[in-house]
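Working notes, structure below.
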Amino acid sequence: MYAIVEIQGQQFKAEEGKKLYVHHINGVEEGQSVEFDKVLLVDNDGAVTVGAPTVDGAKVVCEVVKPLVKGDKVIVFKMKRRKDERKRNGFRAQFTEVKIKSVVA
Numbered sequence: 104m105y106a107i108v109e110i111q112g113q114q115f116k117a118e119e120g121k122k123l124y125v126h127h128i129n130g131v132e133e134g135q136s137v138e139f140d141k142v143l144l145v146d147n148d149g150a151v152t153v154g155a156p157t158v159d160g161a162k163v164v165c166e167v168v169k170p171l172v173k174g175d176k177v178i179v180f181k182m183k184r185r186k187d188e189r190k191r192n193g194f195r196a197q198f199t200e201v202k203i204k205s206v207v208a
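Residues are numbered in this note's numbering as their position in the sequence shown, beginning at 1, plus a constant of 103.
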């Protein structure tokens, strides 16, 4: 059984026991339980239920493994030729690692 769930503007495939890296969720602590109710699709052993726009009564229950995980560093480099103009910035995205406890449909 799996579900397609929308978490902070991104869609994820949620299966029980799977770990996900989602955009940073403010105000959560390690070991805390979090519920997401924007379930767009549920597949229960071949019986597919598609929501319009969401499936009624369906939710995904997760446990926070790490509240703050930093992603890989991305270098942003801008340059204008023949103008002696260069700009270099670094960026690291912040994520929250969650583990799917159950999919309720």
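Backbone N, C-alpha and C define an ideal beta-carbon position, used for all residues, glycine too.
Predicted, not measured: the structure shown is a model, and the values here were computed from it.
- Item | Three-state secondary structure assigned by DSSP to residue 175 | Translated into the one-based positions of the sequence shown, residue 175 becomes position 72. Strand, per DSSP.
- Looking at C-alpha atoms only, which residue of 104, 141, 131, 105 is the closest neighbour of residue 201? Your numbering for residue 201 matches position 98 in the sequence shown. Considering only 104, 141, 131, 105, the residue with the shortest C-alpha distance to residue 201 is 131.
- Kindly indicate which three-state DSSP category residue 104 falls into: helix, strand or coil? Here the question's residue 104 lines up with position 1 in the sequence shown. Looking at residue 104 - three-state DSSP - the assignment turns out to be coil, as it is neither helix nor strand.
- Query: Per DSSP, residue 152 is paired with what?
  - Reply: Working through the sequence shown from its first residue, we reach residue 152 at position 49. 145.
- C-beta atoms of residue 230 and residue 163 nearer than 7 Å: Outside the displayed span of the chain (104 to 208) sits residue 230, for which this structure offers no information.
- Spatial distance of residue 142 from residue 148 (CA atoms): By 1-based counting over the sequence shown, the position of residue 142 is 39. By 1-based counting over the sequence shown, the position of residue 148 is 45. CA-to-CA, the gap between residue 142 and residue 148 works out to about 17 Å.
- Nearest residue (CA-CA) to residue 167, options 159, 127, 175, 187: As a position in the sequence shown, residue 167 is number 64, starting the count at 1. Checked all of 159, 127, 175, 187; the closest Cα to residue 167 is 127.
- Euclidean distance between Cα positions of residue 191 and residue 197: Counting from 1 along the sequence shown, the entry for residue 191 is found at position 88. Counting from 1 along the sequence shown, the entry for residue 197 is found at position 94. Rounded to the nearest angstrom, the two C-alpha atoms are 20 Å apart.
- Query: Mind checking whether residue 108 and residue 139 have CB atoms under 7 Å apart?
  - Reply: In the sequence shown, residue 108 corresponds to position 5, counting from 1. In the sequence shown, residue 139 corresponds to position 36, counting from 1. Contact: yes.
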